[in-house]
Every structure is written in C-alpha cells, then in structure tokens.
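Asks: Numbering (the numbering used here), first residue to last: 95 to 357.
Using N, Cα and C, we set each Cβ at its ideal position, and we do this for glycine too.
There's a structure below that I have some questions on.
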C-alpha cells in the first residue's frame, strides 16, 4: 500500500498546486489588462486538477477497503499524510507563483493569436518549451505581504475555512465510511455535506470579494501593483486552510456519520 500512498500523495500535490496557481492566471491577466482571456485559461488548470482527481479518488477509497479487512491498518495516518500533500502542493504553488505569472503572461499573448486552447496547444514547439527556462523567476517572500493591504480580514479568515472544508470533504466521507461499515456506501458519497458548506461560503462571501479586488486592480494602477502581494496573502491563507484540515478531518467524519444515520 505504500506505493499507492506515494501515488496519491503526488496526485494530491498536483491537484492543490494547480488549483492554487489559478491566482497566477488572474494576476497575469490583470497585468496585461486581459482578464477575460486569462480566465479562459483556467480551463487548463481545471483539466489538470480533475484528471489527477480521477486517479486519486479511487486509490484513496482503496485504503478504506483495505482497512476494512485489516484491522491494524493505520488508515487515519494515511489520510493525514495525504493532507500533508495538500499543504505541500499549496506551498509549491506559492514558490512557483512569480514564474507562472510570467509564463501565463506569454501564454495569454499566444492565446490571442491562436484563438483557441486546442490551437494554442498544437502550436507549441519543442524550441518554445526549451525557452520556458527564461521565464523562471526566483520567489521573494517577505512578512511585508502580511501587512494590511486593503484585504477584508473576513475574506482571509473565510478563505482559510473554505479551503479546510474542501480539503477534508472527500477524506472525511471516506473515513466516515470506515467508521460506519453498515452505512459505508452512503457515507462515502456524502462529501457534498462538507463541500456544500464550503461552496455556499465561497459563492456568497469569497468570489464577490475577489471580483472586487480584481476590478480595482484593473482600474487603478497603484492597486494593481499591490495585487501580487494580495494574492500571496490569499495563497498563504489557503495553505493555512489545508493545515486546519488536519484538525477538522475526524470531527467532519463524525458529523457526516451523524447525518448519515439520520437520513
């Protein structure tokens, strides 16, 4: 099972790195004043994330099946290790943020010429891939980023909470299935109970605020210069959310178990 755990770790790392790098797409679009074109590129990020998730999800469920027949199997330790991968992926995305802002800026320019993502992908040459080394940027981290930059403190807090819910949603439902063998099928499909709360918070409180922040950056040069630092703060709050998920995993599993019994 160790080999499967390593694969799940890597896939989880890819999922959270890709999702967090969506901020780089937004920032590149704002810098070029082409936010609509930039947002169309998020389809590539979603594709990478969902493809990795298609493989990761059944492999993670396999641990639950194995634990059902092997009482000594440390299922909770495996799940906590997977959560570490989500934190590591977010940290990796923060480190890659300057590089991908530069790289996505070039991709946005190429997309305008190509006209569509399939044409953009097929137009890429080996020489262009080799030249991507020129877009490498060294990350510069400073505690200055955590100073108040006009970001509502509620937004930072909610971003932590929402990320924590999304991070543990599937794992909590699988662990609930392990805790309640008689309701295992129902519990394993109940991740929406946790993710639903996160979706409501995201839709009502976070997405509109991100839209306002981005709009201000598009129309005010001074605010645009601060946008990169704001995104660093938001990505850091995502990282804190993945860490908070370590503490929410078991309570979320018991919450799902409680609801499943009531259904």
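Can you confirm whether the region 330-345 touches the region 257-269 when touching is taken to mean that 3 or more C-beta pairs between the two stretches lie within less than 8 Å?
Replies: With a cut-off of 8 Å, the region 330-345 and the region 257-269 count as touching, because enough Cβ pairs lie within range.
Asks: In angstroms with no decimal places, state the Cα-to-Cα distance between residue 125 and residue 293.
Replies: Roughly 28 Å between the two C-alpha positions.
Asks: Beta carbon of residue 173, beta carbon of residue 265: below 7 Å?
Replies: Yes, Cβ-Cβ distance for residue 173 and residue 265 is below 7 Å.
Asks: I need the DSSP call for residue 127, collapsed to helix, strand or coil.
Replies: Residue 127: coil per DSSP, three-state reduction.
Asks: Helix, strand or coil for residue 198? Go by DSSP, reduced to three states.
Replies: Reduced to three states, the DSSP call for residue 198 is helix.
Asks: Which runs of the alpha helix (DSSP H) at least 4 residues long sit entirely within the region 98-179? Give them in chain order.
Replies: The qualifying runs are 116-125, 129-134 and 136-163.
Asks: Extract the residue ranges of the alpha helix (DSSP H) inside the region 249-292, only unbroken runs of 4 or more that lie entirely within it.
Replies: With a minimum length of 4 residues, the continuous alpha helix (DSSP H) runs that stay inside the region 249-292 are 278-282.
Asks: Looking only at its own chain, which residues have a Cβ that is under 8 Å from the Cβ of residue 253, when we skip the five neighbours before and after it?
Replies: Hits under 8 Å: 300, 328, 331, 332 and 335.
Asks: So for residue 331, helix, strand or coil by DSSP?
Replies: Residue 331: helix per DSSP, three-state reduction.
Asks: Mind checking residue 290: buried by the 16 CB within 10 Å criterion, or exposed?
Replies: Classification for residue 290: exposed.
Asks: How is the alpha helix (DSSP H) around residue 296 delimited, first residue to last?
Replies: Careful: residue 296 lies outside any alpha helix (DSSP H) and carries neither H nor E.
Asks: For residue 357, name the three-state secondary structure that DSSP assigns.
Replies: The answer is coil: DSSP assigns residue 357 none of H, G, I, E or B.
Asks: With 7 Å as the threshold, decide whether the Cβ of residue 256 is near any Cβ in chain C.
Replies: Included in the structure is just one protein chain, with no chain C present.
Asks: Please name the residue, chosen from 136, 286, 157 and 202, that lies closest to residue 261 on a Cα-to-Cα basis.
Replies: Nearest C-alpha to residue 261: 286.
Asks: Count the other C-beta atoms from every protein chain shown that fall within 10 angstroms of the C-beta of residue 279, then say buried if there are 16 or more, exposed otherwise.
Replies: Classification for residue 279: exposed.
Asks: Since residue 277 and residue 354 should fall inside the 8 Å C-beta cutoff, what is the C-beta to C-beta distance between them, to a whole number of angstroms?
Replies: Right, the Cβ-Cβ distance comes to about 5 Å (below 8 Å), so this counts as a contact.
Asks: Give a yes or no on contact between the region 131-147 and the region 164-183, applying the rule of three or more CB pairs nearer than 8 Å.
Replies: No, because fewer than three Cβ pairs between the region 131-147 and the region 164-183 fall closer than 8 Å, the two stretches do not touch.
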